[in-house]
Amino acid sequence: MNYTYLLINIAVIFFPLVLSFDKKVHFFSKWKFIFPAILLTGIVFLIWDILFTKLNVWSFNPDYLVGINLLGLPLEEILFFLTVPYACVFIYECLNAYFPKNHLQKYSLALSNLFLGISIAILFFGYNRWYTLINFGFLLIVLAYVEYVNVKLRFMYRFYRAYLVSLIPFYIVNGFLTAIPVVMYNNKENIGFRVGTIPFEDHFYLMSLLLMNVFLYELFKSRAGKNQA
Numbered sequence: 002m003n004y005t006y007l008l009i010n011i012a013v014i015f016f017p018l019v020l021s022f023d024k025k026v027h028f029f030s031k032w033k034f035i036f037p038a039i040l041l042t043g044i045v046f047l048i049w050d051i052l053f054t055k056l057n058v059w060s061f062n063p064d065y066l067v068g069i070n071l072l073g074l075p076l077e078e079i080l081f082f083l084t085v086p087y088a089c090v091f092i093y094e095c096l097n098a099y100f101p102k103n104h105l106q107k108y109s110l111a112l113s114n115l116f117l118g119i120s121i122a123i124l125f126f127g128y129n130r131w132y133t134l135i136n137f138g139f140l141l142i143v144l145a146y147v148e149y150v151n152v153k154l155r156f157m158y159r160f161y162r163a164y165l166v167s168l169i170p171f172y173i174v175n176g177f178l179t180a181i182p183v184v185m186y187n188n189k190e191n192i193g194f195r196v197g198t199i200p201f202e203d204h205f206y207l208m209s210l211l212l213m214n215v216f217l218y219e220l221f222k223s224r225a226g227k228n229q230a
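So the sequence shown is numbered by my numbering: it starts at 2 and just counts up by one.
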């Protein structure tokens, strides 16, 4: 069906958008921070996406697309960088509002070090594959910067909790996209290991996408708070 990918995008953002007016979370009042974060992150990931499409790292099945292309990408793929980050940051804010106590706080640095170590190890063995190289290289840079350079803005313990919860819809949405398949991967450009039909790298692609969005979101909130003070 030509509307498959578009309907998946709509399904991803529908409930987070409707529930943005929840009285406790008040997510709509933070749109002035989230949309700039999504825009800036989206530009980076769209450049990445365009490059990978041209290099045949992945491709899109026209049977499940409406047929509108921009910058060499299907419209639905561009919308993906709006719907998924919005939904994931919404999850992040809901968890912060309803569950302010977070037991991951004392483990966040250890988790960051673990993921940095994983990134380095996989880069050592998979540096000759485009998806593996760019994916883990980007995560290594962003994670190291957020954890060790940007020391005044501390949110990683909240980020890891949101990431773990976001994996639930990730398996549903990405499962559909890779099983149908809407998105087709060239296994010569990844390590070839999959969780079901989902490439292993996709888990860390989600981490990078969510981390950059949350970092910019928290940065913009912090600057607004300082200006008001």
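We treat Cβ as the ideally placed atom computed from N, Cα and C, and that holds for glycine.
(1) Using DSSP with H/G/I as helix, E/B as strand and the rest coil, what is Phe171?
(2) Answer with buried or exposed for Lys189, where buried requires no fewer than 16 other C-beta atoms within 10 angstroms of its C-beta.
(3) How many Å lie between Leu144 and Leu117 at the Cα?
(4) Quick check: the segment 77-86 against the segment 33-53, are at least 3 beta-carbon pairs closer than 8 angstroms?
(5) State the start and end residues of the unbroken beta strand (DSSP E) segment that holds Ser60.
(6) With a threshold of 8 angstroms on Cβ separation, who are the neighbours of Ser120 within its own chain once the five nearest residues in sequence on each side are excluded?
(7) Along the chain, where does the beta strand (DSSP E) that runs through Val184 open and close?
(8) Measuring alpha carbon to alpha carbon, tell me which of Phe171, Val13, Arg159, Ile192 ends up nearest Tyr108.
(9) Please confirm if the segment 175-189 is in contact with the segment 96-105, defined as three or more CB-CB distances below 8 angstroms between the two stretches.
(10) Candidates Leu71, Glu77, Asn57, Leu56: which alpha carbon is nearest Asp64's?
(11) Are the beta-carbon atoms of Asn191 and Asn57 separated by less than 8 angstroms?
(12) For Met157, count neighbouring Cβ atoms within 10 angstroms of its own Cβ and tell me buried if that reaches 16, exposed if not.
(13) Tell me the rounded alpha-carbon separation between Cys95 and Val26.
(14) Please specify which runs of the beta strand (DSSP E), each continuous and at least 3 residues long, are wholly inside the segment 139-220, giving them in chain order.
(15) Got a sec, what are the start and stop residues for the alpha helix (DSSP H) Lys55 sits in?
(16) Please report the residue range of the alpha helix (DSSP H) in which Ile119 lies.
(17) Please tell me whether Met208 and Trp59 are closer than 8 angstroms, where the distance is taken between their beta carbons.
(18) Could you tell me if Val150 is buried or exposed, where buried requires 16 or more neighbouring beta carbons within 10 angstroms of its beta carbon?
(19) Tyr93: buried (16+ other C-beta within 10 angstroms of its C-beta) or exposed?
(20) Among the residues of its own chain, which have a CB less than 8 angstroms from the CB of Arg130, if the five just before and after it don't count?
(21) If we ignore side chains and look at the alpha-carbon of each, how far apart do Ser113 and Glu219 end up?
(22) Any idea what DSSP makes of Asn136, helix, strand or coil?
(23) Select from Thr54, Ala88, Val85 the residue whose C-alpha is nearest the C-alpha of Gly73.
So, from the data block:
(1) Three-state DSSP puts Phe171 in a helix.
(2) The residue in question, Lys189, is exposed, as its Cβ has fewer than 16 Cβ neighbours within 10 Å.
(3) Using only the alpha carbons, I get a separation of about 7 angstroms.
(4) yes
(5) Taken as a continuous stretch (DSSP letters only), the beta strand (DSSP E) holding Ser60 covers 59-61.
(6) Phe137, Gly138, Leu140, Leu141, Leu144, Phe205
(7) 184-186
(8) Arg159
(9) no
(10) Glu77
(11) no
(12) buried
(13) 6 angstroms
(14) 184-186
(15) 32-55
(16) For Ile119, the enclosing alpha helix (DSSP H) begins and ends at 109-127.
(17) no
(18) Exposed, since its Cβ has fewer than 16 Cβ neighbours within 10 Å.
(19) buried
(20) Lys189, Glu190, Asn191, Ile192
(21) Answer to the nearest angstrom: the Cα atoms are 18 angstroms apart.
(22) DSSP, reduced to helix, strand and coil, places Asn136 within a helical segment of the structure shown.
(23) Thr54
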